[in-house]
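Asker:
Right, here's the structure in full:
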């Protein structure tokens, strides 16, 4: 089975699923990467299996298991669900040669286009759960200038004096999000977050914003403008991409309009920077952030599936 043939069929199928998906290319194997293939009747499947590991003191360790086995998937033919089922079986065999059964710091992860629902039942049967989403919001270039104001809410650039406030809000957010499988609260998380926030605050024009409700700092939003988002640019068919890194609102200010004011301000900043789309990550099971972001004009673009431990 030739990988280029599968890639061509996969690209043709994906083009009909979502106009914001980038055109996929044939897999190219580098280093320790492994190309897995499978067939189910006239359907072919190809998967690029990779593995990465981070140390416990890495900022990335907050957002993932320390060892991640990833699979990129391409499916071509009349029965993509059967093709994915055969490929997942093949990947399971591969993982059992690498991963220790029951190791909670080792995860199997794959992303699927959210609107490409073929194979969902097969993923569940293989023990995967939908954990996170990359959501997308196309720019509203013709929107009225400036967001609507929220009574009592003032949004301003963060300064180094806001470090304590930003730390408190980020820790509250991380501990809440840890319930949903996307975040791991590790020993030393305070030091990791402080280092990242200081890096942001020491920039000449930090894209960290504080929301005050009647003078009390109760919310924050952290942005990446299009010149910083090359790391995620391959996920969307757009030239200029904004990324909304974090939005946190204190429990004391929930349902007071602080989050909506921060989101509107962020979108104004992205529009002024000429972003074609804005991306963000959200946890599928989070009962607060998921409906909030969809109400702000976002929709799922990629769904991240995870099995942790990787080997059962």
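Residue numbers (the UniProt record's numbering): 1 to 312.
All C-beta atoms in this analysis are idealised placements derived from N, C-alpha and C, irrespective of residue type, glycine included.
1) In whole angstroms, what is the alpha-carbon distance linking residue 152 and residue 251?
2) Among residues of its own chain, excluding the 5 on either side of residue 70, which ones have a beta-carbon nearer than 6 Å to its beta-carbon?
3) Nearest-angstrom Cα distance between residue 205 and residue 65?
4) Can you have a look at residue 239 and say buried or exposed, based on whether 16 or more other CB atoms are within 10 angstroms of its CB?
5) Taking contact to mean at least 3 C-beta pairs separated by less than 8 Å, is the segment 205-214 in contact with the segment 257-273?
6) What residue range does the alpha helix (DSSP H) around residue 189 cover?
7) Are the beta-carbon atoms of residue 311 and residue 136 separated by less than 8 Å?
8) If you draw a straight line from the alpha carbon of residue 222 to that of residue 42, how long is it in whole angstroms?
9) State the Cα-Cα distance for the pair residue 213 and residue 154, rounded to the nearest angstrom.
10) Which word fits residue 97, buried or exposed, when buried means at least 16 other C-beta atoms lie within 10 angstroms of its C-beta?
11) Who pairs with residue 67 in a beta bridge, going by DSSP?
12) Hey, quick one: how far does the beta strand (DSSP E) through residue 243 stretch, first residue to last?
13) Do residue 95 and residue 316 count as a contact pair if the criterion is CB distance below 8 Å?
14) Note down the Cα distance separating residue 305 from residue 229, rounded to an integer number of angstroms.
15) Mark residue 293 as exposed unless 16 or more other C-beta atoms lie within 10 angstroms of its C-beta, in which case mark it buried.
16) So residue 33 packs on residue 48, CB below 8 Å; how close in whole Å?
Answerer: According to the structure shown:
1) 17 Å
2) 50 and 109
3) 33 Å
4) exposed
5) Touching, per the Cβ criterion.
6) 189-201
7) no
8) Roughly 47 Å between the two C-alpha positions.
9) 7 Å
10) Exposed, by the Cβ-count rule.
11) 53 and 106
12) 241-249
13) Here the chain comprises residues numbered 1 to 312, so residue 316 is not present and cannot be evaluated.
14) Their backbone Cα atoms lie some 23 Å apart in a straight line.
15) buried
16) That pair is a contact at about 6 Å.
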